[in-house]
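Undergrad:
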């Protein structure tokens, strides 16, 4: 880890104090700005954070060019960072699935974030606010100003852990906490090894840009709240975790390859053996979890289409429950013009749960409800605007 000029004056405790200042400003000034003004408040927050980093350089009399070292990005470094980012993103997916299982209330966080960021902005504005600004401003304070105070310590892993932890805490998100901690350490590692903050800015932009693009596309094709509810109650199941462990089993090998490209001097071929073992464990664990989670978990899984006519605006299908338990009801509809309302009705005509279907190209409804042994039916009602449509319905009931 390269030291800055007059490193003897810049101590680790100064980085801790700087982080405390950032958090105080965020809680007392930035958070109220975001709550009152929304997106403009978010933009102001990023600029304030970057401004604190620059101000820190001025009062400590260190060169900004040393705190924010910039070099030409080589092809080797570029591909190393891309592979590192891919392996890190695989971890993010798994952590996003696990966290709602550990702490269910955090599942609603995704809907709140999506509504704020993707509900009323065009794509370029979304990229600017979600990807470009954080990549520049957050890297300026964390991998720039705060990291500079830790450049004098000999054990690089301490700087990685501390800066990663600060980065995670600043996001104030239980759902994203584990991932932002790992991401913070990875970005810090890159700057430590290559002494080039452009690399961490690039990685930060690529990751946020991909996430923003994916979320933006989803926001235009399905209802945000319904999608978030669906993710909270179905995707965060053992079945999903098992599937992503299988899909993400290449992450350890990609991670070692990225380290080889970024830091060839410390690379050892034996690391691939350990990476291969870990990949194998992930793959086998995914197979086992998937097998266990699919065993008797699905009670009903149906797909059907029907015509909405002037004479018949209602469609229903029957299913049975064999034991009293909590069940997740998932309904999605495609090719469904107009308004739709879904209900689960028992044999006595009592409504167990009901909701309007969401807007968008794919309409979704998901609910977790207590059902008793007996017969039930899914009832879908529609209005006159739906006449002439031929909706395709996917209906699933899971324990």
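Residue numbers (the working numbering): 1 to 399.
Where is the CB? At the ideal position from N, CA and C, for every residue including glycine.
(1) Would you mind sorting residue 143 into buried or exposed? The rule is 16 or more other CB atoms within 10 Å of its CB.
(2) Are the beta-carbon atoms of residue 324 and residue 373 separated by less than 9 Å?
(3) If you check the beta carbons only, do residue 399 and residue 299 fall under 9 Å apart?
(4) State the Cα-Cα distance for the pair residue 474 and residue 138, rounded to the nearest angstrom.
(5) Suppose only complete runs of 3+ residues qualify. What are the beta strand (DSSP E) ranges in the region 283-326, listed by chain order?
(6) Given 8 Å as the limit, is there contact between the region 173-190 and the region 84-92, that is, 3 or more CB pairs closer than that?
(7) Determine the extent of the alpha helix (DSSP H) in which residue 181 is found, giving its start and end residues.
(8) Report yes or no: do the region 197-209 and the region 53-70 share at least 3 C-beta pairs separated by less than 8 Å?
(9) On the three-state DSSP scale, how would you describe residue 354?
(10) Which class does residue 233 belong to by DSSP, given the choice of helix, strand or coil?
(11) According to DSSP, what are the bridge partners of residue 370?
(12) Residues in the same chain with beta-carbon distance under 8 Å from residue 161, minus the five sequence neighbours each way, listed in chain order, please.
(13) Residue 151: buried (16+ other C-beta within 10 angstroms of its C-beta) or exposed?
(14) Would the C-beta of residue 22 count as close to the ligand MG, meaning under 8 Å from any of its heavy atoms?
(15) Please state whether DSSP places residue 244 in a helix, a strand or coil.
(16) Would the beta-carbon of residue 391 fall within 9 Å of that of residue 333?
(17) For the structure I just gave you, are there three or more beta carbon pairs, one from the region 334-341 and one from the region 277-291, closer than 8 Å?
(18) Output the distance between the C-alpha atoms of residue 319 and residue 346, rounded to the nearest integer angstrom.
(19) Can you pull the DSSP bridge partners for residue 344?
(20) May I have a chain-ordered list of the beta strand (DSSP E) segments no shorter than 3 residues that lie completely inside the region 2-63?
(21) Let's test the definition: count the other Cβ atoms within 10 Å of the Cβ of residue 291 and tell me whether it reaches 16, buried, or not, exposed.
(22) If I measure Cβ to Cβ from residue 387 and keep anything under 7 Å in the same chain, skipping five residues before and after, which residues do I get?
(23) With C-beta atoms as the reference, is residue 238 less than 9 Å away from residue 289?
(24) Where does residue 331 sit, in a helix, a strand or coil, going by DSSP?
(25) Along the chain, where does the beta strand (DSSP E) containing residue 257 start, and where does it finish?
(26) What residue does the beta strand (DSSP E) around residue 394 start on, and which one ends it?
(27) In terms of alpha-carbon separation, which member of 1, 156, 272, 377 lies closest to residue 256?
(28) Considering only the alpha carbon of each residue, which of 317, 33, 146 lies closest to residue 62?
TA: In short:
(1) In the chain shown, the residue the question calls residue 143 occupies position 143. It is buried - the Cβ of residue 143 has at least 16 other Cβ atoms within 10 Å.
(2) Against the chain shown, residue 324 aligns to sequence position 324. Against the chain shown, residue 373 aligns to sequence position 373. Result yes, Cβ atoms of residue 324 and residue 373 sit closer than 9 Å.
(3) If you number the chain shown from 1, residue 399 lands on position 399. If you number the chain shown from 1, residue 299 lands on position 299. Taking 9 Å as the Cβ cut-off, residue 399 and residue 299 qualify as a contacting pair.
(4) Here the chain comprises residues numbered 1 to 399, so residue 474 is not present and cannot be evaluated.
(5) Runs found: 298-305, 314-321.
(6) The region 173-190 makes contact with the region 84-92; the number of CB pairs closer than 8 Å reaches 3 or more.
(7) Numbered from 1 along the chain shown, position 181 holds the residue referred to as residue 181. According to the DSSP assignment, residue 181 belongs to the alpha helix (DSSP H) that extends over 177-194.
(8) Of all C-beta pairs linking the region 197-209 to the region 53-70, three or more are shorter than 8 Å, placing the two stretches in contact.
(9) Numbered from 1 along the chain shown, position 354 holds the residue referred to as residue 354. If DSSP states are grouped into helix, strand and coil, residue 354 belongs with the strands.
(10) Taking the chain shown and counting its residues from 1, the one referred to as residue 233 is at position 233. Unreliable placement is indicated for residue 233, whose pLDDT of 45 sits below 50; the coordinate value is still reported in the next sentence. In the structure shown, residue 233 sits in a helix (DSSP, three-state: H, G or I).
(11) Along the chain shown, read from residue 1 onward, the residue named residue 370 stands at position 370. Partner(s): 326.
(12) Numbered from 1 along the chain shown, position 161 holds the residue referred to as residue 161. Only 185 meet the Cβ criterion.
(13) Here residue 151 corresponds to residue number 151 of the chain shown, with the count starting at 1. Classified as buried, residue 151 has 16 or more neighbouring CB atoms from the shown chains inside 10 Å of its CB.
(14) Among the ligands in the structure shown, none appear at all, so the ligand MG cannot be discussed.
(15) For the purposes of this step, residue 244 is taken as residue 244 along the chain shown, with counting starting at 1. In the three-state scheme derived from DSSP, where H, G and I count as helix and E and B as strand, residue 244 is classed as helix.
(16) Within the chain shown, the letter at position 391 stands for residue 391. Within the chain shown, the letter at position 333 stands for residue 333. Closer than 9 Å, so yes.
(17) The region 334-341 vs the region 277-291: no contact.
(18) In the chain shown, residue 319 corresponds to position 319, counting from 1. In the chain shown, residue 346 corresponds to position 346, counting from 1. Cα-Cα distance, rounded: 10 Å.
(19) As a position in the chain shown, residue 344 is number 344, starting the count at 1. Its beta-bridge partners are 353, 378.
(20) Listed in chain order, there is nothing to give.
(21) Translated into positions along the chain shown, residue 291 becomes position 291. So residue 291 counts as exposed.
(22) Numbered from 1 along the chain shown, position 387 holds the residue referred to as residue 387. So the list reads 308, 309, 310, once near-sequence residues are dropped.
(23) On the chain shown, residue 238 is found 238 positions in, with the first residue counted as 1. On the chain shown, residue 289 is found 289 positions in, with the first residue counted as 1. Going by C-beta atoms, residue 238 is nearer than 9 Å to residue 289.
(24) Taking the first residue of the chain shown as 1, we reach residue 331 at position 331. Three-state result, residue 331: strand.
(25) The sequence position of residue 257 within the chain shown is 257, counting from 1. Run containing residue 257: none in the beta strand (DSSP E); it sits in the alpha helix (DSSP H), 251-262.
(26) Residue 394 sits at position 394 when you count from the first residue of the chain shown. Where residue 394 is concerned, the enclosing beta strand (DSSP E) stretches over 392-398.
(27) Taking the first residue of the chain shown as 1, we reach residue 256 at position 256. Comparing Cα positions, the closest option is 272.
(28) As a first step, residue 62 is located in the chain shown; it is residue number 62 there, counting from the start. Closest option to residue 62, Cα to Cα, is 146.
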